[in-house]
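Reviewing the structure listed below.
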Amino acid sequence: MSLKLGRYRVDEPGDALLTRLVKRLTRRSIPPFPRTVQVETIAACNASCVWCPYGKAPAPTGRMPGDRFERLVEECARHRVRRFSPYLTNEPFLDPQILDRVALAAKEIPLVRVVLTTNGSRLTPEVADRLLSLDGALHSLYVSFQGIAKRGYEDTMRGHLHFERVLANVNHLLAEMRRRKVARPKIWITMVGTQIVDAPRAVAYWKKRGVRAKYTALENRGGNIEGTESMSLGAMDYYTDCARLFKQAYISFDGTMVLCCTDYGRKHVLGNVFDDGIEAVWRGTVAEDLRRRYLTGKIHTIGLCSVCRVDREREVVG
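Okay, so the sequence shown: first residue is 4 according to the numbering used here, each after it adds one.
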């Protein structure tokens with residue numbers, strides 16, 4: 004495994020003065036509070052995507068109580084979080100209160116960008132109309148829509164998702180935004196680049212319609228997905244230049260903060276924010292130890308990171 008220089012710095016007890024100076028001049032400091040906070044309000048998803056391990060292994064299920072969510076929002080407001088995303092490994096619109104939670108975060112956190120990612124299955128005309136009535140509280144909405152052909156879409160997303168139904172939901176939302184002449188939320192169509200769908204063709208389709216679109220690199224999700232090599236567009240390589248651990252916090256519905264968004268099995272638990280708060284867990288000894296190991300070439304000692312691989316095919320943005 005070849006280690007690529009980290010963009011962040013961590014000082015070691017034995018570092019010489021010159022070494023510390025070079026680090027401070029060439030690398031970023033780790034923020035005292037995460038720049039982005041992702042909060043899973045409900046542990047549920049109605050898709051079974053080929054590149055996602057959700058549902059393939061036993062995992063806790065439940066929904067975050069309203070008062071707990073409010074406390075997290077309050078703490079994020081004190082620290083002026085830049086981006087707040089009330090979803091994690093779930094489908095956020097399965098939470099019947101998700102739009103209320105979006106509105107609360109937008110109201111309470113100064114200058115925040117509230118962002119959601121959805122598979123679009125529950126983005127019905129009724130839900131879309133409620134969403135657009137929030138007066139721009141949701142900054143961006145990423146719709147995971149794999150390809151632009153029925154077979155590739157359903158072979159990829161599986162579960163209870165149907166191509167025509169979800170496409171109709173997306174089309175209604177786009178039409179209503181045009182009719183109402185609203186700019187928010189910013190709509191992005193996203194997909195994962197695989198051999199199952201023609202991602203460049205799909206990006207071109209949405210671009211022609213005036214819709215932002217992109218495809219991102221396939222990952223094996225911390226080794227949780229087998230057979231990614233057979234789906235990848237390029238060569239799968241170890242993900243040694245990941246920045247997630249250094250700027251983003253990932254919080255499950257029960258308050259558990261995990262290493263990153265691929266830690267479905269909770270292999271690396273940093274702590275519980277319901278007990279100690281986001282800041283304390285973020286700056287805790289477990290998190291600091293993991294970051295130090297990552298940045299000092301000891302990735303092989305971190306179970307999730309040591310096997311995480313990514314397709315090096317470049318992201319395409321429309």
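The beta carbon of each residue, even a glycine, is placed where N, CA and C say it ideally should be. In this text, all values refer to a predicted model and were calculated from it rather than measured experimentally.
(request) For residue 198, count neighbouring Cβ atoms within 10 angstroms of its own Cβ and tell me buried if that reaches 16, exposed if not. (result) exposed
(request) Compare the C-alpha of residue 118 against each of 13, 98, 143 and name the closest. (result) 143
(message) Excluding the 5 residues flanking residue 4 on each side, which residues of the same chain have their C-beta closer than 6 Å to its C-beta?
(response) The pLDDT assigned to residue 4 is 37, lower than 50, so where the model puts this residue is not dependable, and the model offers no usable value.
(message) Please state whether the Cβ-Cβ distance between residue 253 and residue 245 is less than 7 Å.
(response) no
(message) One question on the structure: do residue 187 and residue 139 come within less than 7 Å of each other, judged by their Cβ atoms?
(response) yes
(request) Whole angstroms is fine: what's the gap from residue 11's alpha carbon to residue 115's? (result) 23 Å
(message) Am I right that residue 137 and residue 106 are in contact with their C-beta atoms under 8 Å? What's the rounded C-beta distance?
(response) 6 Å
(message) Using the three-state DSSP reduction, which class does residue 199 fall into: helix, strand or coil?
(response) coil
(message) Quick check on the burial criterion: 16 or more other C-beta atoms within 10 angstroms. Buried or exposed for residue 8?
(response) Low local confidence applies: a pLDDT of 40 at residue 8 is under 50, so the model's placement there is unreliable, and no value is given.
(message) Assuming residue 156 is part of the alpha helix (DSSP H), what are its boundary residues?
(response) 153 to 160
(message) Below 8 Å, how does it come out for the stretch 292 to 306 and the stretch 38 to 48: are there three or more Cβ pairs, yes or no?
(response) no
(request) Locate the alpha helix (DSSP H) running through residue 306, then write down its first and last residues. (result) 306 to 309
(request) Figure out for me which residue from 147, 272, 165 has the closest Cα to the Cα of residue 206. (result) 147
(message) Can you tell me whether residue 318 is buried or exposed? The criterion is at least 16 other CB atoms within 10 Å of its CB, across all chains shown.
(response) Low per-residue confidence applies at residue 318: pLDDT is 48, beneath 50, and the placement is therefore not dependable enough to give any value.
(request) Output the boundary residues of the beta strand (DSSP E) element that contains residue 87. (result) 86 to 88
(request) Use the C-beta contact count for residue 269: other C-beta atoms within 10 angstroms, 16 or more gives buried, fewer gives exposed. (result) exposed
(request) Give the straight-line distance between the Cα atoms of residue 50 and residue 16, rounded to the nearest whole angstrom. (result) 47 Å
(request) Enumerate in chain order the residues of its own chain whose CB-to-CB distance from residue 6 is below 6 Å, with the five nearest sequence positions on each side excluded. (result) Note on residue 6: pLDDT 38, under 50, position unreliable in the model; no value is reported.
(request) Quick one: give me the first and last residue of the alpha helix (DSSP H) that residue 181 is part of. (result) 166 to 183
(request) Verify whether the separation of the beta carbon atoms of residue 287 and residue 275 is less than 7 Å. (result) no
(request) Counting only the same chain and skipping the five closest in sequence on each side, list residues whose C-beta sits under 7 Å from that of residue 65. (result) 46, 256, 257
(message) I believe residue 314 touches residue 150 by the beta-carbon criterion, under 8 Å. Please report the beta-carbon distance rounded to the nearest angstrom.
(response) At roughly 16 Å, the Cβ-Cβ gap does not stay under 8 Å, so residue 314 and residue 150 are not in contact.
(message) Just to confirm my understanding: we take residue 109, look at its own chain, exclude 5 residues before and 5 after, and list those with CB closer than 6 Å. What are they?
(response) 117, 140
(message) By the DSSP assignment, the beta strand (DSSP E) with residue 144 in it spans what residues?
(response) 143 to 147
(request) Given a cut-off of 7 Å, decide if residue 123 and residue 185 are closer than it, judged by their beta-carbon atoms. (result) no
(message) Applying the 10 Å Cβ sphere with the 16-neighbour rule, what's the burial state of residue 225?
(response) buried
(request) May I have the straight-line CA-CA distance separating residue 218 from residue 20, to the nearest angstrom? (result) 43 Å
(request) Report yes if the CB atom of residue 127 is closer than 7 Å to the CB atom of residue 145, and no otherwise. (result) no
(message) Given this structure, state the Cα-to-Cα distance separating residue 129 from residue 154, to the nearest angstrom.
(response) 27 Å
(request) Pick out the complete beta strand (DSSP E) segments inside the stretch 252 to 320, 3 residues or longer, and give them in chain order. (result) 259 to 261, 272 to 275, 312 to 314
(message) If the criterion is Cβ atoms closer than 7 Å, does the pair residue 102 and residue 133 meet it?
(response) yes
(request) Can you tell me which of 157, 190, 85, 104 puts its alpha carbon nearest to the alpha carbon of residue 34? (result) 85
(request) Have a look at the DSSP bridge pairing and note the partners of residue 118. (result) 143
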